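Student: Taking this note's numbering, the leading residue of the sequence shown gets 96, the next gets one more, and so forth. A virtual CB, placed ideally from N, CA and C, is assigned to each residue, including glycine. Since we're looking at a predicted model, the values are computed, not measured.
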Amino acid sequence: MGMRIRLRYLVVLLVILSILSLGLTFVVVFRPVEIFSPNGFTRNVTSTNQDASTQTRVTYALEDVFRPTRFIISNENKVKMTSEASIVESVNSSLVSKFKDLSKKEVLSQEGYEQLVLRDSFAQLLFDTPVTFGVMSRYFSDVSEELRQETFSRIIYRYDDAKSVYFINDYTKQMYQAKIDAETQTELARYYDEEKFYTVESYILKNRQVFIEVNTIAMEKQTYLMEQIPMSFYITQLFANPSELRNRSDGQSIIYNDNLSQLKMDRSTNVISYYQNRVEDEALTMTVHLQQSFAQMKKLGGWKLGMSFSDFDTERKIVEYMRYVGSYPILSNAKEGLSQFIITATGIEKMRVSSLIAETPIPSKNQSISLMSGKELMDQILGKGISLDLIEDIRLGYAWQLSRESNQIVEFVPNWYIKVDKKWKTLEEAFLPALEQGGDNDGF
Numbered sequence: 096m097g098m099r100i101r102l103r104y105l106v107v108l109l110v111i112l113s114i115l116s117l118g119l120t121f122v123v124v125f126r127p128v129e130i131f132s133p134n135g136f137t138r139n140v141t142s143t144n145q146d147a148s149t150q151t152r153v154t155y156a157l158e159d160v161f162r163p164t165r166f167i168i169s170n171e172n173k174v175k176m177t178s179e180a181s182i183v184e185s186v187n188s189s190l191v192s193k194f195k196d197l198s199k200k201e202v203l204s205q206e207g208y209e210q211l212v213l214r215d216s217f218a219q220l221l222f223d224t225p226v227t228f229g230v231m232s233r234y235f236s237d238v239s240e241e242l243r244q245e246t247f248s249r250i251i252y253r254y255d256d257a258k259s260v261y262f263i264n265d266y267t268k269q270m271y272q273a274k275i276d277a278e279t280q281t282e283l284a285r286y287y288d289e290e291k292f293y294t295v296e297s298y299i300l301k302n303r304q305v306f307i308e309v310n311t312i313a314m315e316k317q318t319y320l321m322e323q324i325p326m327s328f329y330i331t332q333l334f335a336n337p338s339e340l341r342n343r344s345d346g347q348s349i350i351y352n353d354n355l356s357q358l359k360m361d362r363s364t365n366v367i368s369y370y371q372n373r374v375e376d377e378a379l380t381m382t383v384h385l386q387q388s389f390a391q392m393k394k395l396g397g398w399k400l401g402m403s404f405s406d407f408d409t410e411r412k413i414v415e416y417m418r419y420v421g422s423y424p425i426l427s428n429a430k431e432g433l434s435q436f437i438i439t440a441t442g443i444e445k446m447r448v449s450s451l452i453a454e455t456p457i458p459s460k461n462q463s464i465s466l467m468s469g470k471e472l473m474d475q476i477l478g479k480g481i482s483l484d485l486i487e488d489i490r491l492g493y494a495w496q497l498s499r500e501s502n503q504i505v506e507f508v509p510n511w512y513i514k515v516d517k518k519w520k521t522l523e524e525a526f527l528p529a530l531e532q533g534g535d536n537d538g539f
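Encoded structure:
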């Protein structure tokens, strides 16, 4: 009799434990994820209320992501530059089907490269990284098959050649040429706006010529409500049969996996990483890598304030995209702005994206911030003995910073950034000893 009672108690206990297990699984998958900040406190971030089965969270077209991000024009014997999104977007749109008869020219010497970029150019469009003519085919009436995988990072219009446009890969110095209508340069000049262009000076860095704003710059710190894409969204998009998933947590991460794939969220960074064991049975061209990764970024990224293609690792086949807040990229060293993809012919092999997004602005909390002039920046860099040969790029960008008022509010704080060894750093960070970060902060 006693044995039967004990068995009944055990059965009831097992049923209760099973119900609790199912309940916890539901909370982990379908409720907002609890996030643990580095200082040990617990904070909750608002989860978006969009249905987990939503197929696409953003509506980017190819031209919204594979695009120039800076526009340079000569005006009154001065070189001036803008990153203003509305202007660059208008110029980008105006170039559709404007170019014809694309041809490959010579590889420029360093002297020839500087002559073209600094002295011969009337206007330039700068891209964040070299992009293929195949992806940018919208600019052309036709791109021959042998040129579709060739790349460029800068478009140049020359003073002395109103009927041609030139394309340069800043890293290889390979030059290309196409034909344009004679009035194109006149049309470009119409985009000049005295209030939105800044006088710049040119500097020769490790791989390319860059333009730095000369005078003090005033940029706005922008404030947004921070939200989080729920894990259920990624599960629905990445797994054919979510009911077969196994899940576990090690305190630092939440992990879901089946026999072929693993999905993980780092609790401290809110970075989502995904891996699927795929056999790469077909070599993809760079253009296909970019097109396929774009489709996945659009489907899974969720960031609506602007994106730009920012790098392609030709050896590891990693495609990178950078989040923008309007006119400038998020460059802070925790890499909240970075999305990475490795694509095979059959789908995603690896992915790294942040689950945190910002969609709702809080303009009442915005604040104008005055940054040091580009000249002062360069004086400090050279004064610290940092060789320009080691610097890959210099530009204005945003840091992702949580508000002191609420951990559900994110502030995008403007600053100068220097790129060294493929990592963006503030001037202060560049002077610190190099530290190995490791973990999800370093991406793949």
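Would you mind reading off the limits of the beta strand (DSSP E) that contains L221?
Tutor: For the purposes of this step, residue 221 is taken as residue 126 along the sequence shown, with counting starting at 1. From DSSP, the beta strand (DSSP E) with L221 extends over S216 to T227.
Student: Taking only three categories from DSSP, how would you classify M360?
Tutor: What you label residue 360 is simply residue 265 of the sequence shown in a count that begins at 1. M360: strand per DSSP, three-state reduction.
Student: Got a sec? Which residues, its chain only, sit under 6 Å from S356 by beta carbon, not counting five neighbours each side?
Tutor: Here the question's residue 356 lines up with position 261 in the sequence shown. Contacts found: Q371.
Student: Exposed or buried, which one is K517 when buried takes at least 16 other CB atoms within 10 Å?
Tutor: For the purposes of this step, residue 517 is taken as the residue at position 422 of the sequence shown. Label assigned to K517: exposed.
Student: Scan the segment 230 to 287 and note each continuous beta strand (DSSP E) run of 3 residues or more that stays entirely inside, going in chain order.
Tutor: As far as the segment 230 to 287 is concerned, its whole beta strand (DSSP E) runs of at least 3 residues are 246 to 253, 256 to 263 and 269 to 274.
Student: On the premise that S169 lies in contact with F217, defined as a C-beta separation below 8 Å, what is that separation, rounded to the nearest angstrom?
Tutor: Taking the first residue of the sequence shown as 1, we reach residue 217 at position 122. Taking the first residue of the sequence shown as 1, we reach residue 169 at position 74. That pair is a contact at about 6 Å.
Student: Run the CB neighbour count on T154, radius 10 Å, all protein chains shown included, and call it buried at 16 or more, exposed below.
Tutor: By one-based count along the sequence shown, residue 154 stands at place 59. The residue is exposed, with fewer than 16 neighbouring Cβ atoms inside 10 Å.
Student: Might you give, ordered along the chain, the residues of its own chain that have their beta carbon closer than 7 Å to the beta carbon of S348, omitting 5 neighbours on each side?
Tutor: The residue you call residue 348 lines up with position 253 of the sequence shown. For S348, where only same-chain residues beyond five positions count, the Cβ hits under 7 Å are K359, M360, D361 and R362.
Student: Find the nearest neighbour of L379 within the set W398, K412 and F334, judged by alpha-carbon distance.
Tutor: Translated into positions along the sequence shown, residue 379 becomes position 284. Nearest C-alpha to L379: K412.
Student: Just list the residues that DSSP pairs K193 with in beta bridges.
Tutor: Counting from 1 along the sequence shown, the entry for residue 193 is found at position 98. Note: K193 sits in no beta bridge, so no partner.
Student: Should N187 go down as buried or exposed, given a rule of 16 or more other Cβ atoms within 10 Å for buried?
Tutor: The residue labelled residue 187 in the question sits at position 92 within the sequence shown. By the 10 Å Cβ count, N187 comes out buried.
Student: May I ask you to report which of helix, strand or coil DSSP gives A147?
Tutor: Here residue 147 refers to the residue found at position 52 of the sequence shown. With a pLDDT of 46 at A147, under the threshold of 50, the modelled position of that residue is not reliable, and no figure is offered here.
Student: Any Cβ of chain D within less than 8 Å of the Cβ of Y266?
Tutor: The displayed structure is made up of one protein chain only, and chain D is not part of it.
Student: Using alpha carbons as the reference points, say which of T455, S422 and I464 lies closest to L320.
Tutor: On the sequence shown, residue 320 is found 225 positions in, with the first residue counted as 1. L320 has its Cα closest to that of T455, out of T455, S422 and I464.
Student: Could you tell me how far apart the beta carbons of G421 and G401 are, in whole angstroms, since I believe they sit closer than 8 Å?
Tutor: The residue given as residue 421 occupies position 326 in the sequence shown. The residue given as residue 401 occupies position 306 in the sequence shown. Confirmed, Cβ separation roughly 6 Å.
Student: Can you list, in chain order, the residues of its chain with a C-beta nearer than 6 Å to that of P337? Leave out the 5 residues immediately preceding and following it.
Tutor: Counted from its first residue, the sequence shown places residue 337 at position 242. These residues qualify, in order along the chain: I330.
Student: Within its chain, find whatever has a CB closer than 8 Å to the CB of L466; leave out the 5 residues flanking it on each side and keep chain order.
Tutor: In the sequence shown, the residue the question calls residue 466 occupies position 371. Only T311, I312, A313, M314, L491, P509, N510 and W511 meet the Cβ criterion.
Student: Measure the CB-CB distance between S368 and R418 and report whether it falls below 8 Å.
Tutor: Taking the sequence shown and counting its residues from 1, one reaches residue 368 at position 273. Taking the sequence shown and counting its residues from 1, one reaches residue 418 at position 323. Going by C-beta atoms, S368 is not nearer than 8 Å to R418.
Student: What does a CB cutoff of less than 8 Å around I452 pick up in its chain, not counting 5 residues either side in sequence?
Tutor: As a first step, residue 452 must be located in the sequence shown, where it is residue number 357. Around I452: T143, M321, E322, Q323, I324, G397, W398 and K399.
Student: Exposed or buried, what is F222 when buried is set at 16 or more other beta-carbons lying within 10 Å of its beta-carbon?
Tutor: Taking the sequence shown and counting its residues from 1, one reaches residue 222 at position 127. Counting Cβ neighbours within 10 Å, F222 comes out buried, since at least 16 surround it.
Student: If we ignore side chains and look at the alpha-carbon of each, how far apart do P163 and L220 end up?
Tutor: On the sequence shown, residue 163 is found 68 positions in, with the first residue counted as 1. On the sequence shown, residue 220 is found 125 positions in, with the first residue counted as 1. Cα to Cα, the separation comes out at about 6 Å.
Student: Report yes if the C-beta distance between T224 and F404 is below 8 Å; otherwise report no.
Tutor: Residue numbering aside, residue 224 sits at position 129 when the sequence shown is read from its first letter. Residue numbering aside, residue 404 sits at position 309 when the sequence shown is read from its first letter. Yes.
Student: Please confirm whether Q462 and K291 have their CB atoms less than 8 Å apart.
Tutor: Residue mapping note: residue 462 aligns to position 367 of the sequence shown, counting from 1. Residue mapping note: residue 291 aligns to position 196 of the sequence shown, counting from 1. Result no, Cβ atoms of Q462 and K291 do not sit closer than 8 Å.
Student: So, at 6 Å on beta carbons, what are the nonlocal neighbours of E415 in its own chain, with the 5 sequence-adjacent residues on each side left out?
Tutor: Stepping through the sequence shown from its first residue, residue 415 is reached at position 320. Only S405, D406 and Q435 meet the Cβ criterion.
Student: Rounded to the nearest angstrom, what separates Y271 and L395 at their Cα positions?
Tutor: Locating residue 271 in the sequence shown gives position 176, where the first residue counts as 1. Locating residue 395 in the sequence shown gives position 300, where the first residue counts as 1. Computed Cα separation, rounded: 35 Å.
Student: Let's test the definition: count the other Cβ atoms within 10 Å of the Cβ of P424 and tell me whether it reaches 16, buried, or not, exposed.
Tutor: Residue numbering aside, residue 424 sits at position 329 when the sequence shown is read from its first letter. Buried: at least 16 other Cβ atoms inside 10 Å.
Student: Checking 8 Å against the spacing of the C-beta atoms, do Y234 and F194 come in under that value?
Tutor: Taking the sequence shown and counting its residues from 1, the one referred to as residue 234 is at position 139. Taking the sequence shown and counting its residues from 1, the one referred to as residue 194 is at position 99. In this structure, F194 lies closer than 8 Å to Y234 by Cβ.
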